[in-house]
Amino acid sequence: MIMAHAGTETLNDAVYQGTPGSDEATDRKIGSLRTLALDCLEDMKAEETIEIDLMGRTSLADTMIITSGRSQRHVGAIADRILQDMKAKGLGSARVEGLPACDWVLIDAGDIIVHIFRPEVRGFYNLEKMWGADRPSADLSSAAGAE
C-alpha cells in the first residue's frame, strides 16, 4: 500500500508495486495520472492541450496540463470524465475547484495539475506564459497531428 500526499490517498492497485514512497512507485503513479489525463482530454475533444514540465521549478507538481473546452458544459464534462476515470482506475481522488461555474476547472491530483478553461478565460489568465516562458510554443494537439 502506498500513501500519497499527506495521507489523503491510498493506492492499492497492483500497478503501484514497490516500496512505499519509493521513486519507482511515485514515477509509476505520475505516469499513470499523466496518461489518464491526456487520454481523457483527447477522447473528450479538448482543444489546444499543452503540457508543461514543472520538475525542479516548483514543489506544486511535476506536470501541469492546460487545455480548453468549447463551452461551460464541455469544460464540466471534461473535468467529470477525468475525475471518474481516476476513481475507476484506483488513482484516488483529486482536489477540484471551479466545477459549479465551469469557466475554469482546476484538478489537482498532486503530481499532476490539470487546468480546463473556456477559451476567453484561458486567454485572460494566460498560464502558459506564466509557467512556460522557457518552452517552445508548440502544443500537444498540433504535435499529435504531425505524427
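In the numbering used here, the protein residues as written are 213 to 359.
Think of the CB as a built atom: it goes at the ideal place given N, C-alpha and C, for glycine as much as any other residue.
Note that this is a predicted model, so its numbers are computed, not measured.
Can you tell me where the alpha helix (DSSP H) holding residue i begins and where it ends?
i	result
Ser305	Segment: none, Ser305 is in no alpha helix (DSSP H) and carries neither H nor E.
Leu250	Asp235 to Asp255
Asp292	Gln284 to Ala300
Leu311	Careful: Leu311 lies outside any alpha helix (DSSP H) and carries neither H nor E.
Gly322	Gly322 -> no alpha helix (DSSP H), and no H or E assigned at all.
Output the boundary residues of the beta strand (DSSP E) element that contains residue i.
i	result
Thr270	No beta strand (DSSP E) holds Thr270; DSSP gives it neither H nor E.
Asp265	Glu259 to Asp265
Throw me the rounded Cβ distance for the residue i and residue j pair, which I believe falls under 8 Å.
i	j	result
Leu295	Ile277	No, Leu295 and Ile277 are not in contact; Cβ-Cβ is about 14 Å, not under 8 Å.
Arg246	Thr275	6 Å
Leu311	Gly288	6 Å
Are residue i and residue j touching if we call contact CB-CB under 8 Å?
i	j	result
Arg307	Asp320	yes
Ala291	Asp323	no
In whole angstroms, what is the alpha-carbon distance linking residue i and residue j?
i	j	result
Ser283	Arg240	33 Å
Asp235	Gly268	15 Å
Glu332	Asp255	22 Å
Apart from the five residues on each side of it in sequence, which residues of its chain come closer than 6 Å, Cβ to Cβ, to residue i?
i	result
Cys314	Gln284, Val287 and Gly288
Trp316	Gly310, Phe329 and Val333
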